[in-house]
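*Asks:*
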Amino acid sequence: MSDATCDVAIVGCGIAGMATALRLQAKGYATIILEAHGQPGGCAGFYTKKGFSFDVGATTLVDFELNGVGGELFQSVGISIPESEKLDYKLWLPDREVHMYHDREKWNRERLAKFGTSTDHIAFWKFIDHLADVFWNASRTGIKLPVQNLADIVNSVRCVGARNLPLTRYLNWTFLDALKKFNLEHDVPLRSAMGMLIEDTVHSSVEQAPLINAALGITIRGAGLRRAQGGMKGLWDHLVQAYHSMGGRLLLGNRVMQIGLSKGVYDLQSNKGRYRAAQVVSALPLDVTHDIVKGQLKKRFKKYLSAAAEKRGGAIVVFLGVPEEEVTNQELTHHQLMYNYNTPLGDGNNMFVSVSSPGDLKSAPDGYRAVMISTHCNLDEWQNLDDVSYSIKKQEAGEQLVNLARKIYPDLGMRPVVYEVGTPRTYYKYTGRRDGAVGGIKQTITNSNLRAIPHDIGIPNFRLVGDTTWPGLGTVACILGSRIVAEQIQKGN
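All residue numbers for the sequence shown refer to the UniProt record's numbering, where the first residue is 1 and numbers rise by one.
#1: Output the distance between the C-alpha atoms of T423 and P166, rounded to the nearest integer angstrom.
#2: Please identify the residue among V280, G314, S306, K491 whose C-alpha is closest to the C-alpha of G264.
#3: Taking its Cβ as the centre, do 16 or more other Cβ atoms sit within 10 Å of Q395, making it buried, or is it exposed?
#4: Work out the CA separation of D95 and I459 for me, nearest whole Å.
#5: Rounding to the nearest angstrom, what Cα-Cα distance links N155 and P146 in this structure?
#6: Which first and last residues belong to the alpha helix (DSSP H) in which W382 is found?
#7: Look at the Cβ atom of I218, then the Cβ atom of L197, and state whether they are nearer than 8 Å.
#8: Run through DSSP, which three-state label would I316 get?
#9: Who are the Cβ neighbours of T31 in its own chain at under 8 Å, not counting the five residues just before and after it?
#10: Tell me, to the nearest whole angstrom, how far the beta carbon of L269 is from that of K362; I am working on the premise that it is less than 8 Å.
#11: For W92, which three-state DSSP category applies?
#12: Suppose the cutoff is 6 Å on Cβ atoms and the five residues either side in sequence are ignored; what does the same chain contact list for A364 look like?
#13: Here's the rule I'm using: 16 or more other beta-carbon atoms within 10 Å means buried, otherwise exposed. How should V476 be labelled?
#14: Have a look at D380 and T468 and give me their C-alpha separation to the nearest angstrom.
#15: Rounding to the nearest angstrom, what Cα-Cα distance links A36 and G367 in this structure?
#16: Would you report the Cα separation of A307 and S448, rounded to the nearest angstrom?
#17: Just list the alpha helix (DSSP H) runs in the segment 166-209, keeping only unbroken ones of 4 residues or longer that don't cross its boundaries, in chain order.
#18: Nearest-angstrom Cα distance between T117 and R191?
#19: With a cut-off of 8 Å on the beta carbons, I'd call Y266 and R276 a contact; round off their distance for me.
#20: So, with DSSP's three-state summary, where would you put M1?
#21: With a cut-off of 8 Å on the beta carbons, I'd call H203 and G439 a contact; round off their distance for me.
#22: Taking the straight line between their C-alpha atoms, what separation do you get for K181 and Y170?
#23: Can you give the Cα-Cα distance for Y304 and I453, rounded to whole angstroms?
#24: Between which two residues does the alpha helix (DSSP H) holding M18 run?
#25: Using the Cβ count rule (16 or more neighbours within 10 Å means buried), how would you classify D200?
#26: Closest by CA to R111, which one among M100, P82, A315?
#27: Does the beta-carbon of H130 have 16 or more other beta-carbons within 10 angstroms, so that it is buried, or is it exposed?
#28: Kindly indicate the opening and closing residues of the alpha helix (DSSP H) around H121.
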């Protein structure tokens with residue numbers, strides 16, 4: 001370690017930062033995590049009030065199965081997968097309800113019944129299923145993009161499989177191209193439903209989303225969608241306890257202000273002190289990382305900054321702590337709602353409603369439930385508002401989301417114990433992300449996969465991880481990124 005105080009310093013304790021730290025600590029590296037906030041989690045974190053625990057961004061865990069991407073993390077570091085329940089959920093369209101089964105056979109019957117049984121529909125689903133199967137398997141076996149050297153090419157071929165290499169031609173297709181292939185681009189219910197799922201999972205649109213990424217996103221139920229007991233707080237309690245038991249050091253309230261490099265050792269200056277590390281992993285967004293690195297280190301970021309800045313988005317969330325009887329009219333606890341086919345997605349016209357499970361006393365007191373409502377929004381609409389305008393806009397946004405959610409739960413929010421609204425300004429305050437942007441980069445053909453921001457941008461012993469790097473947003477993507485970064489560090493390349 002030379003005169004460094006640790007082998008690897010990880011900046012930021014979102015899921016990508018923690019997963020990277022766990023992997024390295026389990027392999028014998030001395031790691032520290034420097035987190036600006038007073039608790040871990042980032043955009044997959046939690047918020048507690050009056051005995052309730054609310055998920056502030058991600059509300060579900062994807063592919064946390066024994067052979068899944070999430071399961072691989074826990075197995076590789078020797079800890080148990082946290083207690084959780086597998087979820088179905090309901091998609092509410094303006095003229096129909098679709099049960100999103102995790103069981104593949106049930107889902108196949110449901111989608112044909114709700115969207116059509118024509119030969120084009122059947123062929124479309126077969127195509128999407130095959131594409132998703134191949135690339136879910138590639139993800140689980142450790143594929144790494146973008147390709148940066150010969151070893152990456154060999155690894156990609158191994159993960160995809162030689163017989164499946166012809167499918168790589170779809171790297172240049174959008175999801176709309178796939179709909180057109182099967183003459184379904186004018187099928188409004190199908191196209192709208194796919195648009196909802198794509199916005200939620202790859203932060204993009206039918207028109208712009210890369211086909212392969214979108215295929216993975218719309219099939220997350222088959223990969224296993226779960227909610228941890230106690231929600232994200234339950235997950236984080238489990239992760240932090242495991243990390244501490246390995247000897248890892250999580251330093252909360254440590255906002256890193258500057259990262260410099262001197263004589264081969266990184267110097268990290270935070271609001272609470274100075275730390276020296278042989279290697280650094282930044283789990284902060286690319287633009288935030290660029291702001292805190294010094295001198296010559298900044299040069300390596302320039303070619304990627306425009307990609308990170310041009311495709312950003314925000315979110316609005318509502319947290320409700322309510323009497324249990326307000327949410328007992330539905331069997332399922334998770335719902336996704338669109339109210340108008342002709343209105344652009346976002347701002348309530350594609351919102352996710354998550355309710356804590358009955359008996360989950362880690363999420364809500366006995367007799368109550370925690371309810372989380374979220375929707376995407378345009379960041380620009382929340383910038384440069386004076387305090388009065390902001391307060392009015394925030395109030396209207398919260399009321400709109402609750403009113404829309406009453407299509408699912410008619411009595412929702414009538415007697416709330418907790419009622420809080422979060423906006424991009426809230427996310428900026430608690431995550432430090434510029435303008436409160438969340439969800440990484442909106443994925444398009446020009447900024448993803450072979451053109452994605454890599455984990456290694458050419459700075460010795462310095463890596464990036466998290467939702468602005470490949471493969472993008474979501475717990476499963478960030479965990480896959482952590483695997484790649486940890487392996488690079490262990491191999492010394």
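Note that CB positions come from ideal geometry on N, CA and C, so glycine has one too.
Just so you know, these numbers come straight off a predicted model, no measurement behind them.
*Replies:* Taking the definition as stated:
#1: Here residue 423 is taken as the residue at index 423 of the sequence shown, counted from 1. Here residue 166 is taken as the residue at index 166 of the sequence shown, counted from 1. Each residue's Cα considered, the two are about 43 Å apart.
#2: Working through the sequence shown from its first residue, we reach residue 264 at position 264. Of V280, G314, S306, K491, the residue nearest in Cα terms is V280.
#3: Residue numbering aside, residue 395 sits at position 395 when the sequence shown is read from its first letter. That one is exposed.
#4: The residue given as residue 459 occupies position 459 in the sequence shown. The residue given as residue 95 occupies position 95 in the sequence shown. So the alpha carbons of these two residues sit roughly 53 Å apart.
#5: For the purposes of this step, residue 155 is taken as the residue at position 155 of the sequence shown. For the purposes of this step, residue 146 is taken as the residue at position 146 of the sequence shown. Rounded to the nearest angstrom, the two C-alpha atoms are 12 Å apart.
#6: Along the sequence shown, read from residue 1 onward, the residue named residue 382 stands at position 382. Note, W382: premise wrong, no alpha helix (DSSP H); not H, not E.
#7: One-based indexing of the sequence shown puts residue 218 at position 218. One-based indexing of the sequence shown puts residue 197 at position 197. For I218 and L197, yes; Cβs fall inside 8 Å.
#8: Position 316 of the sequence shown, counted from the start, is the residue given in the question as residue 316. The answer is strand: DSSP assigns I316 an E or B state.
#9: Residue 31 sits at position 31 when you count from the first residue of the sequence shown. Closer than 8 Å at the Cβ level, and outside the excluded window around T31, lie C6, D7, V8, A9, I10, A21, L24, Q25, G248, R249.
#10: Counted from its first residue, the sequence shown places residue 269 at position 269. Counted from its first residue, the sequence shown places residue 362 at position 362. It is Gln, not Leu, that sits at residue 269 in the sequence shown. Contact flag wrong, Cβ pair sits at about 37 Å.
#11: Here residue 92 refers to the residue found at position 92 when the sequence shown is read from its first residue. Correct three-state label for W92: strand.
#12: Here residue 364 refers to the residue found at position 364 when the sequence shown is read from its first residue. So the list reads F52, S356, A370, once near-sequence residues are dropped.
#13: Working through the sequence shown from its first residue, we reach residue 476 at position 476. Classification of V476: buried, given that the 10 Å Cβ count is 16 or more.
#14: Mapped onto the sequence shown, residue 380 falls at position 380. Mapped onto the sequence shown, residue 468 falls at position 468. Roughly 19 Å separates the two Cα atoms.
#15: Within the sequence shown, the letter at position 36 stands for residue 36. Within the sequence shown, the letter at position 367 stands for residue 367. Cα to Cα, the separation comes out at about 35 Å.
#16: Locating residue 307 in the sequence shown gives position 307, where the first residue counts as 1. Locating residue 448 in the sequence shown gives position 448, where the first residue counts as 1. In a straight line, the C-alpha of A307 is about 10 Å away from that of S448.
#17: 175-181, 188-202
#18: Sequence index remark: in the sequence shown, residue 117 carries index 117 (1-based). Sequence index remark: in the sequence shown, residue 191 carries index 191 (1-based). Cα to Cα, T117 sits roughly 15 Å from R191.
#19: Counted from its first residue, the sequence shown places residue 266 at position 266. Counted from its first residue, the sequence shown places residue 276 at position 276. Right, their Cβ atoms sit about 7 Å apart.
#20: Numbered from 1 along the sequence shown, position 1 holds the residue referred to as residue 1. Reliability fails at M1, whose pLDDT of 43 lies under 50, so the model's placement of it is uncertain and no value is given.
#21: To locate residue 203, count along the sequence shown from 1; it is residue 203. To locate residue 439, count along the sequence shown from 1; it is residue 439. That pair is a contact at about 4 Å.
#22: Within the sequence shown, residue 181 is the residue found at index 181, counting from 1. Within the sequence shown, residue 170 is the residue found at index 170, counting from 1. Distance between the alpha carbons of K181 and Y170 is about 12 Å.
#23: For the purposes of this step, residue 304 is identified with residue 304 of the sequence shown, where counting begins at 1. For the purposes of this step, residue 453 is identified with residue 453 of the sequence shown, where counting begins at 1. Whole-angstrom Cα-Cα distance: 7 Å.
#24: Along the sequence shown, read from residue 1 onward, the residue named residue 18 stands at position 18. From DSSP, the alpha helix (DSSP H) with M18 extends over 15-26.
#25: One-based indexing of the sequence shown puts residue 200 at position 200. It counts as buried.
#26: As a position in the sequence shown, residue 111 is number 111, starting the count at 1. That would be M100, whose Cα lies nearest to the Cα of R111.
#27: As a first step, residue 130 is located in the sequence shown; it is residue number 130 there, counting from the start. Classification for H130: exposed.
#28: Here the question's residue 121 lines up with position 121 in the sequence shown. Counting along the chain, the alpha helix (DSSP H) containing H121 begins and ends at 119-140.
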